[in-house]
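Participant: Mind looking over this structure? Questions follow.
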Amino acid sequence: MTSDSRVPQTMRGDGRHPRIGASCAYRVVPVQRRGRETVAGILAAAREISRTVYAGDLLMKDVAEQSGLADGTVYRYFRNDDALRSALAAQALELYCDAMTALIAQGTCARWQDVVLLHITLRVDSYCRGEGPAAIPDRLRAEANESQVIAEFLGGVIRARDVDLQVPADLDHRIELSVRISDALVIHAFSTRPSQRRIVLAECRSVVEQILAR
């Protein structure tokens with residue numbers, strides 16, 4: 001996982017919870033190894049529930065039950081339901097970066113544009129597993145600056161890999177626009193009939209390729 005400060009971290013280096021977004025309400029308490037393991041278990045339970053329940057309806061009491069922890073233990077680390085949802089959105093970004101790094105490491109990207117197009121591949125794969133961004137409320141995704149963080153992450157990867165290539169001056173803008181448009185079209189694709197999904201996804205890739213090539 002990259003240590004770039006632009007990518008939200010679940011735990012700060014000093015062992016305390018970070019504050020992610022204006023309303024993220026991690027309790028600022030020292031977190032030792034056992035505490036980190038507890039938080040990881042809470043978020044794992046939350047992710048499991050969010051596969052079948054819209055994250056905007058995610059409740060701490062349900063997460064406590066799923067994780068086998070007492071309600072008070074969950075409240076020790078998260079002030080309220082929204083704090084837990086915000087943490088889930090932030091962790092989703094971390095998992096995205098991990099998955100994207102693994103995809104890029106496969107060495108299939110011959111052009112810088114291919115790195116951006118992998119975003120579509122990754123989103124489709126996550127939707128097929130029931131982990132798509134639609135599971136996270138738009139408000140919380142916005143607070144986590146999701147599109148901007150992803151654009152900066154991909155831009156950093158491209159610049160690190162392709163130092164000898166000519167990339168456009170507006171690279172970050174093109175990537176962020178591509179991320180926003182592809183996310184919207186992937187969400188639309190998975191809300192249509194399966195017979196139409198392939199068509200929408202093909203159109204998604206075509207639109208993004210045009211943005212990157214202009």
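Sequence positions in the sequence shown follow the UniProt record's numbering and run 1 to 214. Beta carbons: idealized from backbone N, C-alpha and C, even for Gly.
1) How many angstroms separate the CA atom of S23 from the CA atom of E203?
2) Just curious, the alpha helix (DSSP H) that D170 is in, first and last residue?
3) Given a threshold of 16 other Cβ atoms within 10 Å of its Cβ, counted over all protein chains shown, does I199 qualify as buried or as exposed?
4) Taking the straight line between their C-alpha atoms, what separation do you get for I49 and Q66?
5) With 16 other CB atoms within 10 Å as the buried threshold, where does D71 fall?
6) Buried or exposed: E146, going by 16 or more other Cβ atoms within 10 Å of its Cβ?
7) Identify which residue in Q113, L177, E209 and H188 has its Cα closest to the Cα of Q166.
8) I'd like the list of long-range same chain contacts for G107, defined as Cβ closer than 6 Å, with 5 residues on each side in sequence excluded.
9) For V63, I'd like the list of residues in its chain whose CB is within less than 7 Å of its CB, leaving aside the five on either flank, ordered along the chain.
10) Among the residues of its own chain, which have a CB less than 6 Å from the CB of V208, if the five just before and after it don't count?
11) Is it right to say D125 is buried, meaning 16 or more other beta carbons lie within 10 angstroms of its own, or is it exposed?
12) I need the DSSP call for F78, collapsed to helix, strand or coil.
13) For C204, which of helix, strand or coil comes out of DSSP?
14) Here's a check: name, in chain order, each residue in its chain whose Cβ is nearer than 8 Å to the Cβ of H188, leaving out the five neighbours to either side.
15) Mind checking whether I150 and R205 have CB atoms under 8 Å apart?
Facilitator: Answer, in terms of the structure:
1) In this predicted model, S23 has a pLDDT of only 35, less than 50, meaning its place in the structure is not dependable; the value taken from the coordinates is given anyway. Distance between the alpha carbons of S23 and E203 is about 36 Å.
2) Per DSSP, D170 belongs to no alpha helix (DSSP H) and is neither H nor E.
3) exposed
4) 8 Å
5) exposed
6) buried
7) Q113
8) none
9) The answer, listed in chain order, is I42, A45, A46, I49, V74 and L84.
10) In its chain, beyond the 5 residues on either side, S178 and S182 have a beta carbon closer than 6 Å to the beta carbon of V208.
11) exposed
12) strand
13) The three-state secondary structure of C204, taken from DSSP, is helix.
14) Cβ neighbours of H188 beyond the five flanking positions: V200.
15) no
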